[in-house]
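Q: First the structure, which I've put down as structure tokens, then a few questions once you've had a look.
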Amino acid sequence: MAITCSQLEEKFRSQLGATHVDVVDMSDGCGSKFKAIIVSPQFEGKPLLQRHRLVNSTIEEEMKIIHAFEMKTWTPEQYEKQKNNAG
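Position one of the sequence shown corresponds to residue 172 (this note's numbering), numbered consecutively onward.
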């Protein structure tokens, strides 16, 4: 069973309280390689490793199928800075 971007996005929103989620399937639709930007207030005050562990525990079941998962985990403040720097 393939995992979809929308399934992952919904899980991050519901379980991590993500305010912005952008998931891209990098595996040409087979659902085994993803890249994600996850913005959540739950990341406040947490180091990068702890943020990644939070994300990985959220998609623990899906990770049994996913072969590669690249993520950026930002607080809302960090996300705003990224948007301002990009624009």
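Ideal placement from N, C-alpha and C gives every residue a C-beta, glycine not left out.
In terms of DSSP beta bridges, what is Lys252 paired with?
A: As a first step, residue 252 must be located in the sequence shown, where it is residue number 81. The partner list for Lys252 (beta bridge, DSSP) is empty, contrary to what the question assumes.
Q: What is the DSSP secondary structure of Thr190, reduced to helix, strand or coil?
A: Numbered from 1 along the sequence shown, position 19 holds the residue referred to as residue 190. If DSSP states are grouped into helix, strand and coil, Thr190 belongs with coil.
Q: Expressed to the nearest angstrom, what Euclidean distance is found between the alpha-carbon atoms of Gly188 and Glu180?
A: If you number the sequence shown from 1, residue 188 lands on position 17. If you number the sequence shown from 1, residue 180 lands on position 9. The alpha-carbon atoms of Gly188 and Glu180 are separated by roughly 11 Å.
Q: If you draw a straight line from the alpha carbon of Ser185 to that of Pro212, how long is it in whole angstroms?
A: In the sequence shown, counting from the first residue as 1, residue 185 sits at position 14. In the sequence shown, counting from the first residue as 1, residue 212 sits at position 41. Approximately 13 Å, taken between the alpha carbons.
Q: In the DSSP assignment, what residue or residues form a beta bridge with Phe240?
A: Numbered from its first residue, the sequence shown carries residue 240 at position 69. Looking at the DSSP assignment, Phe240 forms a beta bridge with Phe205.
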